[in-house]
Amino acid sequence: GMIQIMLIECVLLSLSLVMDSVHDSLPSFLLLTFAMGMQNRLQFAINGLILGKGYMTGVLYAIGTTLAQWTRKEKSGIDVLIIASTWIAFLSGAVCGALSLWVVDDFFSLIFPIIFIMTLVLYVRAHFDSIETSLNPKL
C-alpha cells in the first residue's frame with residue numbers, strides 16, 4: 201500500500217544520497233528518478249476523493265472537476281480544499297526544493313524529503329484507519 205511505497209521511496213532516496221556522497225552520480229540519479237517515478241504513479245483516496253495525482257495538470261483538472269461538482273452540490277467545499285491542498289503541496293515542494301539546493305548542497309537537500317516522507321508515514325499510520333491506495337492511473 202501507500203505506506204510501503206513511501207518507505208521504499210525513503211530507502212531509494214537514502215541510497216541515492218549515499219551514492220552521491222561517494223561521487224557516483226549516475227546510480228544516484230537513477231535511484232532518485234526511480235523514487236520520483238514511484239511517487240508520480242501513487243494515487244490514493246481519502247473519503248472517496250482521489251488524491252496524489254502525479255502531475256500538476258492532473259491536480260488542476262481534479263480541482264476543476266471538484267469545483268464543478270461543488271457548484272452542483274455533489275461535493276462539499278472541504279473536498280475542493282483537500283484537493284487544492286495537493287496542488288499547494290506540489291508548489292511548496294518545488295519552492296522548498298529549489299531553496300534547499302540554493303542554500304545547501306545537493307547531498308543535504310535530499311535529507312529534507314526523506315524526513316518529510318518519514319514524518320508523513322508516521323502521521324498517516326497514527327491518524328487514518330485505512331487509506332485506499334492504487335498504482336492504477338485510471339482512478
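Per my numbering, the very first residue in the sequence shown carries number 201; after that it's consecutive.
A virtual CB, placed ideally from N, CA and C, is assigned to each residue, including glycine.
This one's a predicted model, so the numbers in the text were calculated from it and none came from an experiment.
Query: The region 299–313 in contact with the region 208–227 per 3-pair CB rule at 8 angstroms; Result: yes
Query: Nonlocal neighbours in the same chain, by C-beta distance under 7 angstroms from lysine 275, ignoring five residues either side; Result: Thr266, Gln269
Query: C-alpha gap between alanine 284 and isoleucine 263, whole angstroms; Result: 6 angstroms
Query: Pair within 8 angstroms by beta-carbon distance, methionine 256 and phenylalanine 290; Result: yes
Query: Nearest to leucine 217 (by Cα), restricted to the options Thr233, Gln204, Val303; Result: Thr233
Query: Pairwise C-alpha distance: valine 280 and tryptophan 287; Result: 11 angstroms
Query: Completely contained alpha helix (DSSP H) runs for the region 204–283, where each covers 4 or more residues; Result: 225–241, 256–271
Query: Element boundaries [alpha helix (DSSP H), containing valine 189]; Result: Residue 189 is absent from the structure shown; the chain starts at 201 and stops at 339.
Query: Beta-carbon gap between leucine 207 and valine 321 smaller than 8 angstroms; Result: yes
Query: Euclidean distance between Cα positions of lysine 273 and methionine 236; Result: 36 angstroms
Query: Inter-residue spacing [alpha-carbon to alpha-carbon] between aspartate 224 and leucine 231; Result: 11 angstroms
Query: Counted within 10 angstroms of its Cβ, other Cβ atoms place tyrosine 315 as buried (16 or more) or exposed; Result: The sequence shown places isoleucine at residue 315, not tyrosine. Exposed, because fewer than 16 other Cβ atoms sit within 10 Å of the Cβ of isoleucine 315.
Query: Contacts around serine 228, its chain only, beta-carbon distance under 6 angstroms, and the 5 residues preceding and following it disregarded; Result: Ser216, Met219, Asp220
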